Amino acid sequence: MKTRSLLVLLGLVVATSAPLPAQVATSSRTRAHVETLASDRFGGREAGSNGERLAAEYIVSQLTRIGALPLPGRSDMFQTFEFTAGSRDGGSTITISRQTTATGGIVAGITPDQIRALSFSDDGTVTGDVVFAGYGIVVPESQAFGYDSYAGLDVKDKIVLVLRYFPEDADAQTKATLARYSDLRFKANAARQRGAKALLVVTGPRSPNAGELVPMTFDTAIAGSGLPAASIINSAAQWMVERPLVDVQKELDTGNPHVAGFALPGIRVSMTTRVIREKKTARNVVAYIPATGAVTGIQKPWVVIGAHYDHLGTGAGGNSLASREDAGRPHVGADDNASGTASVIALAEALSKQPQRKRNLLIALWSAEEIGLIGSKQFVTTPPVPVDQIEAYVNFDMVGRMKDNKLAAQATGTSPVWGSLIERANVRAGFDIAIQPDPYQPTDVSSFNDASVPSLNFTTGAHTDYHKPSDTADKINYEDLDRIVDLATAITRQLLDLDTPPLFTKVEQSSQTASRTGLRVSTGTVPDYTADVKGLLLGGVVAGGPAEKAGLQKGDIIVQIAGQSITNIYDYTYALDLLKIDQPVKVVYTRAGKRTETTLTPTARK
Amino acid sequence: MKFRRSAALFVLTVALGASGSAQPQPSERDFLSRIRRLTIEGRRSGEGYWSRDGKQLVFQSEREPGNPFYQIYLMDMETGNTTRVSPGTGKTTCSFINPATGDILFASTHHDPRSKPLQDEELKFRASGQERRYSWDYDPEMELYARSTQTGTYRRLTNKRGYDAEASYSPDGQWIVFSSTRDAYDRSLSAAERKQLDTDPSYFGEIYIMRADADGSGPKRLTNVPGYDGGPFFSPDGKRIVWRRFDEAGLLADVYTMNLDGTDQRRVTDFASMSWAPYIHPSGEYVIFSSNKLGFENFELFLVDIDGRKEPVRVTYSDGFDGLPVPSPDGRQLAWTSNRAGGREGQIYLAAWNHEAARAALKAAPDRKKP
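If you're matching them up, the sequences are chains A and B in order. Take the first sequence: its position 150, counted from the start at 1, is 150 in our numbering, and no numbers get skipped. Each number in our numbering comes from the position in the second sequence (counting from 1) with 606 added on.
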């Protein structure tokens with residue numbers, strides 16, 4: 001499962017893990033695959049690493065063994081692609097000068113030594129006048145919420161200076177709305193749309209991480225913002241604005257849309273941005289088991305099953321949740337996602353032995369999922385078979401930790417076919433299935449939904465070993481993993497044989513699941529995604545985190561926070577936008593059926 | 607949300623308050639294990655009733671393309687194959703499988719020429735995004751039908767204006783017991799009664815019994831008390847009928863049993879709440895029913911001994927709706943309807959039923975306080 005999952009945003013870091021009873025199933029169809037892929041030899045299967053290459057070769061050997069073939073017109077089972085593995089500033093510079101209008105001469109200039117390109121910045125050198133555009137937030141008109149930091153400002157061919165985040169003192173509802181459009185990529189886009197030459201960002205003195213440069217985050221390391229963009233330190237911004245920045249910010253922090261930005265007469269900035277992006281090569285494994293007869297005349301003759309096989313390597317990429325003692329060890333990813341990879345191999349093997357398959361079964365094991373679903377995106381943008389010939393996609397991500405017979409089927413909103421296929425197959429399989437229609441999941445099912453393919457994801461949910469070296473093969477529930485394979489086999493079998501391909505239905509992306517990068521508070525909670533409860537069931541709390549300090553513990557169900565009623569995980573993440581760092585809020589929760597209140601004080605999340 | 611044999615208008619809202627119960631120890635795991643959602647397709651499903659061999663389940667579901675109302679479906683519990691057994695048009699409700707012949711009994715309005723326009727009207731209303739308080743309309747066009755397993759043809763069993771529905775077979779398949787509002791259309795009503803018919807026709811619901819082959823002898827009326835009598839089922843030995851009776855206001859209900867001729871009517875519950883949807887366990891020892899004793903919108907399943915001597919025992923512990931419990935013929939499974947996955951709409955759930963634990967809990971329950 002990819003990093004930008006809610007889990008990580010909610011600050012999942014938990015130290016303990018309950019051992020599972022030893023498995024005795026000797027005839028498991030998945031165990032050997034998981035144990036192999038999650039062995040230290042593969043070093044955590046980081047995209048572009050030697051371990052990833054070895055894992056791909058293992059998968060190819062297994063697919064070859066079961067009789068799968070390279071896709072038509074190809075000589076091997078690899079789909080190779082280049083990706084950005086990380087980025088760093090390559091020596092960006094800035095010079096700021098002030099001229100007097102009287103003489104036109106330069107009266108002062110500074111060259112701050114601290115500037116850092118934003119990870120999505122274009123490389124370039126620009127010189128220009130500067131306009132301060134407040135928080136730089138533009139709420140789309142469709143939201144019927146009037147907020148445009150550029151109203152009345154002319155930024156054409158200017159350099160725009162904005163504050164990071166969103167108004168700190170606005171009422172909860174306003175904050176919740178503005179937070180969604182405060183992602184720096186939104187801000188860069190808004191500036192560019194209005195003709196700005198470049199974007200400068202400062203973390204205001206009244207905001208969390210005050211005055212700090214914006215880190216070059218890993219999962220935004222994809223180029224294409226279309227203008228140079230960089231963050232500068234407080235003192236540099238202060239020098240340009242000439243008024244105490246804290247006062248300027250305070251006025252804007254009310255959230256009042258009529259508090260306007262202003263031009264900075266006489267200020268000229270010369271800046272050069274340079275981002276060094278490290279390119280690496282990764283490989284999807286793609287193969288197929290042909291239909292038993294000719295597929296001529298069959299509509300959409302491909303069914304795709306897939307799972308990502310890459311993981312975090314030794315965790316250096318920044319997505320690791322390893323404790324300090326465990327840092328640097330291989331993150332072997334038995335559940336994430338050797339379990340899904342094993343499921344795909346086992347499913348393909350089972351179907352390869354069945355007679356009379358109408359459609360081709362395309363088997364895909366993705367790389368570079370953990371750094372942004374890159375492998376599956378590569379597949380749908382440069383598809384080895386036409387995407388409009390794909391009937392449906394079935395994905396597996398973290399399916400090895402089944403508890404209490406609970407299985408989540410996600411993205412079911414992508415087609416009306418899923419309800420009937422799952423219901424029918426599950427009458428026999430007997431899982432306690434949670435149906436989650438939302439296809440905007442932090443896993444490869446999202447790429448296929450974007451390509452308008454009916455998509456389905458299976459998962460047994462997160463756990464306390466998520467993204468840690470302790471996600472090991474001995475903790476996998478193989479017996480139930482095999483049952484999941486059986487269920488998915490029955491569903492895939494039906495897909496192979498349908499007379500008419502199922503309809504794709506578009507699920508509107510709810511604003512709650514839209515950009516989450518504006519989120520910056522941590523409550524130290526670990527949600528249990530598999531639970532059918534109204535509220536947010538805690539699968540654990542971060543040791544020493546705000547939730548633990550508030551007396552919350554595993555098993556508690558949060559039903560209200562900061563006056564917002566919570567019925568699901570989305571309500572909760574929505575409510576997080578309303579929280580302020582270090583500002584205590586009331587939390588209402590139930591424990592063993594008893595309703596209780598406590599006070600929680602959120603902390604900053606870097 | 608209409609579920610079999612429910613009368614009153616109740617709304618299940620999403621924002622359920624925590625129904626703070628102060629009993630930490632007991633849980634539904636005491637009686638139910640391997641709880642799982644059985645129906646997934648369609649907007650909602652409910653009222654699952656077992657075939658005699660426990661290999662099939664008949665239920666109602668809103669899953670027919672182009673028809674927003676319930677149709678009746680038969681699920682094969684071994685293969686998972688599900689087929690529609692009602693005609694596909696109009697409204698249907700309350701199905702049951704004949705234990706002797708396998709014929710499927712249900713109520714339907716498909717003969718009503720307005721069926722199709724009504725479907726389109728409802729689809730349009732739903733597409734508009736409006737929400738209505740749930741209200742089951744007690745359509746007087748509702749008539750009982752039996753679908754022959756042999757030929758697949760439908761036989762109309764009733765032919766009288768008034769809501770004829772909520773029907774079930776006797777264990778030998780020879781008799782049908784059902785609820786009907788026909789009395790309101792049979793005679794001239796007083797002004798007050800006419801007003802009552804406009805606002806809540808269920809008030810006129812009474813229990814009737816008839817031959818399953820509808821030999822022309824006609825239904826016989828078994829109850830004669832103001833307020834909605836409905837949801838009747840035979841006891842496993844076929845000697846008694848269990849049903850629920852609402853008060854005149856349609857807000858409170860209790861579970862009753864009686865002989866097949868309507869004599870010896872005994873009240874089994876007195877929660878002073880809406881206690882309904884009773885079904886007798888195949889052992890004959892106790893009744894499983896649903897009650898909102900713990901909160902108007904929080905229906906939970908309860909058990910009570912067949913004579914109602916003891917205090918009822920709570921079975922489910924989930925916010926929202928749990929109702930319409932139906933034990934499998936071997937008494938080892940329970941099918942019921944719940945919205946525990948969230949949202950307003952119910953789906954059918956299935957669990958293993960611990961009969962021994964149920965007996966023990968009833969044995970340990972205190973005697974019922976006499977009102």
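We put the CB at the ideal spot given by N, CA and C, even for glycine. Computed from a predicted model, the values in this text were never measured in an experiment.
Cβ neighbour criterion (16 or more within 10 Å) applied to residue i
i, result
"residue 602 of chain A", "buried"
"residue 220 of chain A", "Any answer about residue 220 of chain A is weak, because its pLDDT of 43 lies below 50 and its placement is not dependable; what the coordinates show is given next. Residue 220 of chain A comes out buried."
"residue 546 of chain A", "buried"
"residue 503 of chain A", "exposed"
"residue 149 of chain A", "buried"
"residue 543 of chain A", "exposed"
"residue 378 of chain A", "buried"
"residue 261 of chain A", "buried"
"residue 132 of chain A", "buried"
"residue 375 of chain A", "buried"
"residue 401 of chain A", "buried"
"residue 815 of chain B", "buried"
"residue 684 of chain B", "exposed"
Residue i: first and last residue of the uninterrupted alpha helix (DSSP H) it sits in
i, result
"residue 234 of chain A", "234–241"
"residue 58 of chain A", "50–65"
"residue 769 of chain B", "Looking at the DSSP string, residue 769 of chain B is not in any alpha helix (DSSP H), and its letter there is neither H nor E."
"residue 33 of chain A", "31–37"
"residue 810 of chain B", "It is not in any alpha helix (DSSP H) - residue 810 of chain B carries neither H nor E in the DSSP assignment."
"residue 344 of chain A", "340–352"
Run of the beta strand (DSSP E) containing residue i, from where it starts to where it stops
i, result
"residue 749 of chain B", "749–753"
"residue 956 of chain B", "953–959"
"residue 99 of chain A", "93–99"
"residue 160 of chain A", "159–163"
"residue 575 of chain B", "The structure shown does not extend to residue 575 of chain B, since chain B spans only 607 to 977, so no value can be given for it."
"residue 196 of chain A", "Where residue 196 of chain A is concerned, there is no enclosing beta strand (DSSP E), given that its DSSP letter is neither H nor E."
"residue 591 of chain A", "585–591"
"residue 434 of chain A", "432–436"
"residue 798 of chain B", "Element bounds for residue 798 of chain B: not the beta strand (DSSP E) but the alpha helix (DSSP H), 797–805."
"residue 908 of chain B", "906–911"
"residue 302 of chain A", "302–308"
Chain B contact residues for residue i, given Cβ-Cβ distances below 7 Å
i, result
"residue 434 of chain A", "947"
"residue 431 of chain A", "642"
"residue 483 of chain A", "Those within 7 Å of residue 483 of chain A in chain B number zero; the least Cβ separation is about 13 Å."
Under 8 Å by beta carbon: chain B residues contacting residue i
i, result
"residue 423 of chain A", "644, 645, 646, 647, 686 and 688"
Nearest to residue i (by Cα), restricted to the options the options
i, options, result
"residue 52 of chain A", "A:527, A:400 and A:370", "A:370"
"residue 674 of chain B", "B:728, B:698, B:715 and B:633", "B:728"
"residue 746 of chain B", "B:767, B:731 and B:754", "B:767"
"residue 838 of chain B", "B:821, B:662, B:861 and B:856", "B:861"
"residue 42 of chain A", "A:28, A:203 and A:472", "A:472"
"residue 62 of chain A", "A:265, A:468, A:179 and A:365", "A:365"
"residue 932 of chain B", "B:942, B:638, B:926 and B:778", "B:942"
"residue 808 of chain B", "B:873, B:787 and B:876", "B:787"
"residue 652 of chain B", "B:703, B:930 and B:975", "B:930"
"residue 202 of chain A", "A:187, A:459 and A:447", "A:187"
"residue 122 of chain A", "A:274, A:557, A:113 and A:386", "A:274"
"residue 214 of chain A", "A:244, A:354, A:183 and A:179", "A:183"
"residue 475 of chain A", "A:335, A:246, A:120 and A:65", "A:335"
"residue 128 of chain A", "A:119, A:99 and A:116", "A:99"
"residue 466 of chain A", "A:426, A:587 and A:322", "A:322"
"residue 533 of chain A", "A:468, A:396, A:252 and A:557", "A:557"
"residue 655 of chain B", "B:802, B:886 and B:793", "B:886"
Where residue i meets chain B, residues with beta-carbon distance less than 9 Å
i, result
"residue 507 of chain A", "Here the premise fails: no neighbours, minimum Cβ distance about 16 Å."
beta-carbon residue i near the ligand PLP non-hydrogen atom, thresh 7 Å
i, result
"residue 947 of chain B", "Absence of the ligand PLP is noted for the structure shown, with no ligands found whatsoever."
Legend entry - Short-range partners of chain A found in the region 665–685 of chain B, where Cβ spacing is below 9 Å: 669, 671, 681, 682, 683, 684 and 685
Legend entry - Interfacial residues, the region 391–425 of chain A to chain B, with Cβ spacing under 7 Å: 405, 419, 420, 422, 423, 424 and 425
Inset, instruction - Please list the residues of the region 920–943 of chain B that have a C-beta atom closer than 9 Å to any C-beta atom in chain A, keeping them in chain order. - result: 923, 924, 925 and 926
Inset, instruction - Output, in sequence order along the chain, the residues in the region 174–201 of chain A whose CB is closer than 9 Å to any CB in chain B. - result: none
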